[in-house]
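K.L.:
Chains as they are written, first to last, in our numbering: chain D, 1 to 38; chain F, 1 to 236.
Built from N, CA and C at the ideal position, the CB exists for glycine as well.
Nothing here was measured: the structure is a model prediction, and the numbers come from that model.
What follows is a single structure, and I will ask about it in a moment.
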Amino acid sequence: MEKMKFTPDVLRAKNNEFKKSEEWKEFVVPLIESLGKK
Amino acid sequence: MKQICISLFINTNNDYNKAYIRHILKQGNSLITIPPSEYEDHKLDEIIKTSKPIVAYFYSKVYHTTKKIDIKFCEFDINLFCESIKTIVDITFENVKELSSEPFDNSDSVKIEVTSLIENVLMKYKYNEPINLIYLISDIFKSTLTSHKLRNGNKRMSSMLLANILYYQGIFLKCSIKYKHKEFWKMNEDKFIEFINEYDRICVSDNFDEKDLDLLLKIYQWIYDSVYISLNFNYL
Chain D
1 MEKMKFTPDV
11 LRAKNNEFKK
21 SEEWKEFVVP
31 LIESLGKK
Chain F
1 MKQICISLFI
11 NTNNDYNKAY
21 IRHILKQGNS
31 LITIPPSEYE
41 DHKLDEIIKT
51 SKPIVAYFYS
61 KVYHTTKKID
71 IKFCEFDINL
81 FCESIKTIVD
91 ITFENVKELS
101 SEPFDNSDSV
111 KIEVTSLIEN
121 VLMKYKYNEP
131 INLIYLISDI
141 FKSTLTSHKL
151 RNGNKRMSSM
161 LLANILYYQG
171 IFLKCSIKYK
181 HKEFWKMNED
191 KFIEFINEYD
201 RICVSDNFDE
211 KDLDLLLKIY
221 QWIYDSVYIS
231 LNFNYL
């Protein structure tokens, strides 16, 4: 069975993908912004 | 054909994990549902023992659609994860800094403290197979949230770290289907804020140790209820 690949390059590429996703815009960004205000 | 990487299990030859995979495939949960009529029990060993993806009919609770997709189980290696944690912490701090203009502790010494805190959590699981990955991630979240390594931005950093670590496993931290309408999304967001503020209070109270396990289980349940595996996720 293959193992997950967690090299820094893969992680950064994945993070860039995450930042382009709808989930990032619709849930993560508002959440972090809300937490910052409290 | 799309491929999903589900990596909740570290030791797939273990009977406990087999039962768990069977549960996901057959019964469904908040993440994934396969209609029972499409489930082929005899394929389970094939899924577990080989790295070849299987074809299954997949019903997404998020998109309300039935699609034919590949499901591929991928082994989670805690040692590889441990080696990558410094990068994950660095990325998380960068993300918070980008998203919030409020005061935020992001010194190198704080990053080192957070990294070693997570490494300590991982050490607990290293020789403790089988690992339930959501449980492990809950433990990391609990530790960063309650240890208060950051004077400013601890909740933001902990939440961002949680979202990032889940994403690297192919899981979005997002409202599940029951929160698909906007008003419910807002409710779930408020619930999360209320939830982590509650733990903020618990961790400074005198009887925190007694509530430690209870807290972990609540975090586990909340995460389990609030994530889904993305249909668009292509890890490999």
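Quick check: the region 87-95 of chain F against the region 6-16 of chain D, are at least 3 beta-carbon pairs closer than 8 Å?
P.N.:
The region 6-16 of chain D vs the region 87-95 of chain F: in contact.
K.L.:
Return the Cβ separation of F:I140 and F:I112 in integer angstroms, given the expectation that the two are a contact with Cβ distance under 8 Å.
P.N.:
Incorrect: roughly 16 Å between the Cβ atoms, too far for contact.
K.L.:
Can you tell me the Cα-Cα spacing of F:D77 and F:V121, whole angstroms?
P.N.:
Taking the straight line from one Cα to the other gives about 15 Å.
K.L.:
Quick one: does F:Y168 have its CB under 8 Å from some CB of chain D?
P.N.:
Chain D, which has a Cβ nearer than 8 Å to the Cβ of F:Y168, makes this yes.
K.L.:
Using only alpha-carbon positions, find the residue among F:S101, F:C82 and F:Y135 that is nearest to F:L239.
P.N.:
Any property of residue 239 of chain F remains undetermined from this structure, which presents chain F solely from 1 to 236.
K.L.:
On the three-state DSSP scale, how would you describe F:Y127?
P.N.:
Of the three classes helix, strand and coil, the one that applies to F:Y127 here is coil, per DSSP.
K.L.:
Under three-state DSSP, which class holds F:P103?
P.N.:
The answer is coil: DSSP assigns F:P103 none of H, G, I, E or B.
K.L.:
Buried or exposed for F:N128, going by 16 or more other Cβ atoms inside 10 Å?
P.N.:
Its Cβ having fewer than 16 others within 10 Å, F:N128 is exposed.
K.L.:
Interface residues of chain D around F:L99 at Cβ under 7 Å?
P.N.:
Under the 7 Å cutoff, chain D gives V29, I32 and E33.
K.L.:
Does the beta carbon of D:K25 come closer than 8 Å to any beta carbon on chain F?
P.N.:
Not closer than 8 Å to any Cβ of chain F, the Cβ of D:K25 fails to qualify, so no.
K.L.:
For the alpha helix (DSSP H) containing D:E17, list its first residue and its last residue.
P.N.:
That run of the alpha helix (DSSP H) goes P8 to K20.
K.L.:
Do you know offhand how far D:K19's Cα is from F:K155's?
P.N.:
Those two C-alpha atoms are separated by around 19 Å.
K.L.:
Just the Cα atoms here: how many angstroms apart are D:A13 and F:Y168?
P.N.:
In a straight line, the C-alpha of D:A13 is about 11 Å away from that of F:Y168.
K.L.:
Can you name the residues of chain D whose CB is closer than 7 Å to the CB of F:T87?
P.N.:
Within 7 Å Cβ-Cβ: P8 and L11.
K.L.:
Checking contacts by CB at 8 Å: is F:N164 closer than that to chain D?
P.N.:
Taking Cβ atoms only, chain D reaches closer than 8 Å to F:N164, which makes this a yes.
K.L.:
Compare the C-beta of D:K20 with all C-beta atoms of chain F and state if any pair is closer than 8 Å.
P.N.:
No, D:K20 does not count as interfacial toward chain F.
K.L.:
Helix, strand or coil for F:D90, going by three-state DSSP, please let me know.
P.N.:
Note: F:D90 maps to helix in three-state DSSP.
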